[in-house]
Structures are given as structure tokens and as C-alpha cells.
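**Q**
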Amino acid sequence: MPVPYTKPHLRYEDQLKLLRGRGLEIGDEAAALRLLQAVGYYRLSAYVYPFRELLPPDRQAVATPAHYRSETIVPGTTFAQIASLWRFDRLLRLLVLDAVETVEVGLRTKIAYVLGERDPFGHLRVASLDAAACNQAHSRVRAVGETRHQVWLRNYQRSVRDASREDFVRHNLHKYDELPVWIAVELLTFGALVRLFNLMRPEDRTVIARELGIKGGGLAGSWLEAINYLRNVAAHHARLWNRSMTYKVRRFNRHQVGSGLAHLAGTVPTDKVYSSLAITAYLLGSLGSDSNWPGSVLDHVRQFPLAPGLSPIESMGFPAAWDGQPLWAAVGRPV
Numbered sequence: 014m015p016v017p018y019t020k021p022h023l024r025y026e027d028q029l030k031l032l033r034g035r036g037l038e039i040g041d042e043a044a045a046l047r048l049l050q051a052v053g054y055y056r057l058s059a060y061v062y063p064f065r066e067l068l069p070p071d072r073q074a075v076a077t078p079a080h081y082r083s084e085t086i087v088p089g090t091t092f093a094q095i096a097s098l099w100r101f102d103r104l105l106r107l108l109v110l111d112a113v114e115t116v117e118v119g120l121r122t123k124i125a126y127v128l129g130e131r132d133p134f135g136h137l138r139v140a141s142l143d144a145a146a147c148n149q150a151h152s153r154v155r156a157v158g159e160t161r162h163q164v165w166l167r168n169y170q171r172s173v174r175d176a177s178r179e180d181f182v183r184h185n186l187h188k189y190d191e192l193p194v195w196i197a198v199e200l201l202t203f204g205a206l207v208r209l210f211n212l213m214r215p216e217d218r219t220v221i222a223r224e225l226g227i228k229g230g231g232l233a234g235s236w237l238e239a240i241n242y243l244r245n246v247a248a249h250h251a252r253l254w255n256r257s258m259t260y261k262v263r264r265f266n267r268h269q270v271g272s273g274l275a276h277l278a279g280t281v282p283t284d285k286v287y288s289s290l291a292i293t294a295y296l297l298g299s300l301g302s303d304s305n306w307p308g309s310v311l312d313h314v315r316q317f318p319l320a321p322g323l324s325p326i327e328s329m330g331f332p333a334a335w336d337g338q339p340l341w342a343a344v345g346r347p348v
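So that you can map any letter, position 199 of the sequence shown is 212 in my numbering, and since no number is skipped, the others follow by simple counting.
See below:
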């Protein structure tokens with residue numbers, strides 16, 4: 014049963030004293046204080062947590078369902094190790110945002126082209142979309158009585174209002190009563206774009222999925238949801254490196270993708286960051302990206318700050334010998 018929160022506010026110096034009292038070797042105290050002041054104790058504690066000693070099995074998950082470690086830090090752990098792990102995660106998030114830009118812009122282009130060919134205002138008309146998907150009751154409590162397309166349309170109209178001061182929006186709305194899909198997609202968040210993709214007709218989703226190197230519009234839509242979640246974690250500066258992903262990468266048949274991603278069809282964990290990074294790298298190749306993003310990821314992960322019990326394989330879902338996979342040497346190509 015929850016109890017009142019009674020932990021007091023602590024000055025930065027006292028936060029550092031608390032960490033030292035739990036067994037952390039501080040070393041350069043001035044550098045440690047600068048990081049605490051820049052990042053905050055609570056955010057940094059997520060990088061301390063893996064270095065805390067495990068509780069005995071009979072005491073794990075007793076206080077809370079997620080409570081497996083004591084407050085005592087493993088002897089020999091240094092603040093420099095914590096800082097290295099934080100820096101590794103920060104650079105990983107920046108790499109993710111770099112890649113997602115290409116995926117997002119590519120998806121905008123493909124939805125605008127395929128849906129625009131069917132109907133320039135197809136995003137507004139259920140008749141030009143998948144009626145069964147559009148007319149499904151929305152799952153959120155606050156959208157009771159509304160369909161998926163009604164909720165999407167309401168959010169789209171809010172995006173139009175929010176962007177109404179943009180010159181290109183003012184110009185088009187002054188001349189026309191509605192925006193065609195090739196303009197509308199420029200106002201959408203990545204999440205709204207993915208939701209529109211999943212409301213499109215199956216045959217239209219299949220066309221785009223093929224261009225992304227995937228056999229199956231449903232599989233493509235699921236992967237785009239996973240990448241949107243990955244993007245949101247990175248954009249909100251949340252811990253990414255050892256996260257259990259809420260949106261798992263959906264399993265697939267190896268014949269649904271090109272050879273560069275075939276290894277992911279095996280026993281690779283789908284709820285860790287590796288699978289999300291792998292499908293992102295694959296889509297970059299399918300979109301014709303000429304960046305060396307896979308090589309940048311490979312170089313970065315090879316610099317993971319190793320510590321007892323921590324590694325890309327143990328903590329991030331990377332398969333053994335992952336860096337020998339062709340996906341990371343050259344971006345995967347379409348089927």
C-alpha cells in the first residue's frame with residue numbers, strides 16, 4: 014500500500030555525499046558536482062541503478078514490483094563509470110534522432126504520393142481509406158464514442174490551427190478550403206503520420222511497405238509504431254540503452270525482408286533497443302539513404318563502457334557477433 018513520500022530535498026553536495034555513503038567512489042568531486050548540476054540526481058540515478066547490488070531472491074520485488082536492488086553500490090564502482098554510461102546513452106539518443114529524420118521524411122513523401130494518387134484529400138475521407146480501420150472504436154477512454162479516424166481528424170485539425178501562422182499554411186488556406194495530402198503531411202507529427210499510414214487501404218499500405226523493403230503493410234505499420242516509440246524516448250531525453258521497449262518489434266518471417274535483416278527473424282529479443290535500431294538501419298537502406306548511420310552505430314556500440322554484468326549483449330539485446338552482420342557493414346536493401 015502506498016505511503017507518503019518523505020525523502021527531503023538535498024543540496025548537490027549532499028547528493029554526492031549520499032552516493033559516496035552508498036559505496037560510490039567519487040574521484041574528481043568538482044566534475045561529479047558539475048554533472049549532477051547539469052543532469053539532476055534522479056535522472057543520473059537511472060545510470061547508477063545497474064551498479065547497485067542485487068537483493069537476495071526472497072527480498073526482490075517485495076517493496077515494489079520493480080525493486081530488485083539494494084541501495085548499496087557494488088564495491089569498486091566509480092562516478093566516472095556512471096558518467097561514461099550517461100554519455101554513451103546521450104550519444105545513442107542523438108544517433109536515433111538523426112536516423113528518424115530520414116525515416117520520417119521518407120514516410121511523409123510516400124504517403125503523400127500513394128494516397129495523393131488515390132485521392133488528393135484521402136486523409137479526410139474514410140471512403141479513400143480502410144473503412145474497417147477508420148470506423149473502429151478508439152481505444153482511449155477520453156475518446157469514448159469516437160472512431161479512430163474521428164480522433165485522428167480532430168488531432169489533424171488541431172495541427173492545422175497550430176500551424177496557421179506558417180506562411181505556406183496561410184497561403185493555401187486563404188486560397189483553398191482544404192489542404193491536399195501532400196501539404197497536410199508536413200503538419201503531422203511522426204506519430205500522427207504512422208497512425209494515418211495504419212488507416213490507409215491495405216493495398217496502399219502494401220505498396221509503401223514494398224518500397225520500404227517489407228512484405229506486408231501490417232508488418233510495416235507495426236515497425237513504424239516501434240520506431241515512433243524509439244523516437245519519442247530519444248526526443249524526450251529518456252534513458253534508452255537498457256530500456257524494455259513498450260512497443261516491441263513485431264516478429265516476422267525472414268522471407269518478408271531482405272537478407273540484411275534476416276538475422277532478426279531468429280531469437281533476438283524484440284523488447285530491447287537492438288531490434289529497434291536494426292529495423293531503423295534497414296529502413297534507411299530501403300529509403301536510399303547514403304549516410305553511414307549503421308557504421309556510426311557500430312563504432313558507438315563498440316565503445317560501450319563495459320562493466321561486470323553490463324554489455325550490449327546482456328543489457329541491450331544485441332546478438333552475439335552482431336557487428337559481423339551485413340546490416341551494419343552496409344545498409345540492408347529492399348526485397
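Glycine included, each C-beta is placed from N, C-alpha and C at the ideal position.
1) The alpha helix (DSSP H) spanning Thr122 covers which residue range?
2) Give the DSSP-derived three-state secondary structure of His160 in the structure shown.
3) Figure out for me which residue from Ser141, Ala291 and Arg223 has the closest Cα to the Cα of Ala239.
4) Just how far apart, CA to CA, sit Ala45 and His162?
5) Going by the CB atoms, is the gap between Leu296 and Gly234 shorter than 9 Å?
6) Skipping 5 residues on each side, what residues in its chain have a beta carbon closer than 6 Å to that of Trp165?
7) Contact between the region 123-139 and the region 85-104: three or more CB pairs below 8 Å?
8) Per DSSP, what kind of secondary structure is Arg65 in: helix, strand or coil?
9) Look up Leu29 in the DSSP assignment and say whether it is helix, strand or coil.
10) Would you report the Cα separation of Ser309 and Phe331, rounded to the nearest angstrom?
11) Across which residues does DSSP place Ile86 in a beta bridge pair?
12) In this structure, how does DSSP classify Ala150 when only helix, strand and coil are distinguished?
13) Output the boundary residues of the alpha helix (DSSP H) element that contains Phe210.
14) Can you name the residues that DSSP bridges to Leu323?
15) Between the region 193-211 and the region 127-146, can you find at least three pairs of beta-carbon atoms closer than 8 Å?
16) In terms of alpha-carbon separation, which member of Ala248, Tyr60 and Tyr287 lies closest to Ala320?
17) Have a look at Ala248, Ala150 and Arg263 and flag the residue whose alpha-carbon is nearest the alpha-carbon of Glu114.
18) Report the option in Leu340, Lys20, Ser83 and Trp99 whose CA atom is closest to the CA atom of His250.
19) Going by beta carbon distance, what residues of the same chain come within less than 6 Å of Arg24, once the five residues before and after it are set aside?
20) Select from Ser97, Ala176, Leu232 and Asn241 the residue whose C-alpha is nearest the C-alpha of Val118.
21) Taking the beta carbon of Tyr55 as the centre, do at least 16 other beta carbons fall within 10 Å, making it buried, or is it exposed?
22) Hey, quick one: how far does the alpha helix (DSSP H) through Ile292 stretch, first residue to last?
23) If you follow the alpha helix (DSSP H) that Ser235 is part of, which residue opens it and which one closes it?
24) Determine the DSSP secondary structure at Glu179, reduced to helix, strand or coil.
25) May I have the straight-line CA-CA distance separating Leu57 from Val157, to the nearest angstrom?
26) By a C-beta neighbour count over all protein chains shown, 10 Å radius and 16 as the cutoff for buried, is Arg153 buried or exposed?
27) Between Thr219 and the rest of its own chain, which residues show a CB-CB distance below 8 Å, the 5 nearest in sequence each way excluded?
28) On the criterion of 16 or more Cβ atoms from any shown chain inside 10 Å, does Thr280 qualify as buried, or is it exposed?
29) Whose C-alpha, out of Arg174, Tyr18, Tyr81 and Asn255, is nearest the C-alpha of Val314?
30) So if DSSP puts Glu38 in a beta bridge, which residue, or which two residues, is it bridged to?
31) Which word fits Gln338, buried or exposed, when buried means at least 16 other C-beta atoms lie within 10 angstroms of its C-beta?
32) Express the C-alpha separation of Ala342 and Trp335 in angstroms, rounding to a whole number.
33) Counting pairs of beta carbons, one from the region 197-205 and one from the region 166-182, are three or more of them closer than 8 Å?
34) Do Trp236 and Leu108 have their CB atoms nearer than 9 Å?
35) Can you give the Cα-Cα distance for Arg346 and Thr283, rounded to whole angstroms?
**A** This is what the structure holds:
1) One-based indexing of the sequence shown puts residue 122 at position 109. Phe92 to Arg131 is the span of the alpha helix (DSSP H), which, as asked, contains Thr122.
2) For the purposes of this step, residue 160 is taken as the residue at position 147 of the sequence shown. Per the sequence shown, residue 160 should be read as Thr rather than His. Annotated three-state conformation of Thr160 is strand, per DSSP.
3) What you label residue 239 is simply residue 226 of the sequence shown in a count that begins at 1. Comparing Cα-Cα distances from Ala239 to each of Ser141, Ala291 and Arg223, the minimum goes to Ala291.
4) What you label residue 45 is simply residue 32 of the sequence shown in a count that begins at 1. What you label residue 162 is simply residue 149 of the sequence shown in a count that begins at 1. Between Ala45 and His162, the C-alpha separation is close to 50 Å.
5) Numbered from 1 along the sequence shown, position 221 holds the residue referred to as residue 234. Numbered from 1 along the sequence shown, position 283 holds the residue referred to as residue 296. No, these two residues do not count as a Cβ contact at 9 Å.
6) As a position in the sequence shown, residue 165 is number 152, starting the count at 1. Arg208.
7) Using a C-beta cut-off of 8 Å, the region 123-139 makes no contact with the region 85-104, since fewer than three inter-stretch Cβ pairs fall below that distance.
8) The residue given as residue 65 occupies position 52 in the sequence shown. In this structure, Arg65 counts as strand in the three-state DSSP scheme.
9) Walking along the sequence shown from the start, residue 29 turns up at place 16. Leu29 falls in the helix class under three-state DSSP.
10) One-based indexing of the sequence shown puts residue 309 at position 296. One-based indexing of the sequence shown puts residue 331 at position 318. Roughly 16 Å between the two C-alpha positions.
11) Counting from one through the sequence shown, the residue named residue 86 turns up at place 73. Arg65, per the DSSP bridge assignment.
12) Within the sequence shown, residue 150 is the residue found at index 137, counting from 1. Of the three classes helix, strand and coil, the one that applies to Ala150 here is strand, per DSSP.
13) Reading the sequence shown from its first residue, position 197 is the one you call residue 210. Phe203 to Phe210 is the extent of the alpha helix (DSSP H) around Phe210.
14) Walking along the sequence shown from the start, residue 323 turns up at place 310. DSSP, once it has assigned bridges, lists Ala320 as partnering Leu323.
15) A contact exists between the region 127-146 and the region 193-211.
16) Working through the sequence shown from its first residue, we reach residue 320 at position 307. Nearest option by C-alpha distance: Tyr60.
17) Against the sequence shown, residue 114 aligns to sequence position 101. That would be Ala248, whose Cα lies nearest to the Cα of Glu114.
18) The residue given as residue 250 occupies position 237 in the sequence shown. Nearest of Leu340, Lys20, Ser83 and Trp99 to His250, Cα basis: Trp99.
19) For the purposes of this step, residue 24 is identified with residue 11 of the sequence shown, where counting begins at 1. Excluding positions up to five away in sequence, the list is empty.
20) For the purposes of this step, residue 118 is taken as the residue at position 105 of the sequence shown. Checked all of Ser97, Ala176, Leu232 and Asn241; the closest Cα to Val118 is Asn241.
21) As a first step, residue 55 is located in the sequence shown; it is residue number 42 there, counting from the start. Tyr55 should be labelled exposed.
22) Here residue 292 corresponds to residue number 279 of the sequence shown, with the count starting at 1. Its alpha helix (DSSP H) spans residues Val286 to Ser299.
23) The sequence position of residue 235 within the sequence shown is 222, counting from 1. It spans Gly230 to Ala248 - the alpha helix (DSSP H) in which Ser235 sits, taken as one unbroken run.
24) In the sequence shown, counting from the first residue as 1, residue 179 sits at position 166. Glu179: coil per DSSP, three-state reduction.
25) Sequence index remark: in the sequence shown, residue 57 carries index 44 (1-based). Sequence index remark: in the sequence shown, residue 157 carries index 144 (1-based). When rounded, the distance between both Cα atoms is 39 Å.
26) Translated into positions along the sequence shown, residue 153 becomes position 140. Of the residues assessed, Arg153 falls on the exposed side of the cut-off, its CB having fewer than 16 other CB atoms within 10 angstroms.
27) What you label residue 219 is simply residue 206 of the sequence shown in a count that begins at 1. Once the five neighbours on either side are set aside, the close Cβ partners of Thr219 are Gly229 and Gly230.
28) On the sequence shown, residue 280 is found 267 positions in, with the first residue counted as 1. So Thr280 counts as exposed.
29) On the sequence shown, residue 314 is found 301 positions in, with the first residue counted as 1. Here the closest residue by C-alpha is Asn255.
30) Walking along the sequence shown from the start, residue 38 turns up at place 25. Thr91.
31) The residue given as residue 338 occupies position 325 in the sequence shown. Classification for Gln338: buried.
32) Within the sequence shown, numbered from 1, the residue matching residue 335 stands at position 322. Within the sequence shown, numbered from 1, the residue matching residue 342 stands at position 329. Straight-line Cα distance between these residues: approximately 11 Å.
33) yes
34) Sequence index remark: in the sequence shown, residue 236 carries index 223 (1-based). Sequence index remark: in the sequence shown, residue 108 carries index 95 (1-based). In this structure, the beta-carbon distance from Trp236 to Leu108 does not fall below 9 Å.
35) Along the sequence shown, one-based indexing puts residue 346 at 333. Along the sequence shown, one-based indexing puts residue 283 at 270. Confidence at Arg346 is low in this model, with a pLDDT of 39, below 50, so the placement of that residue should be treated as unreliable; the coordinate-derived value is given next. When rounded, the distance between both Cα atoms is 21 Å.
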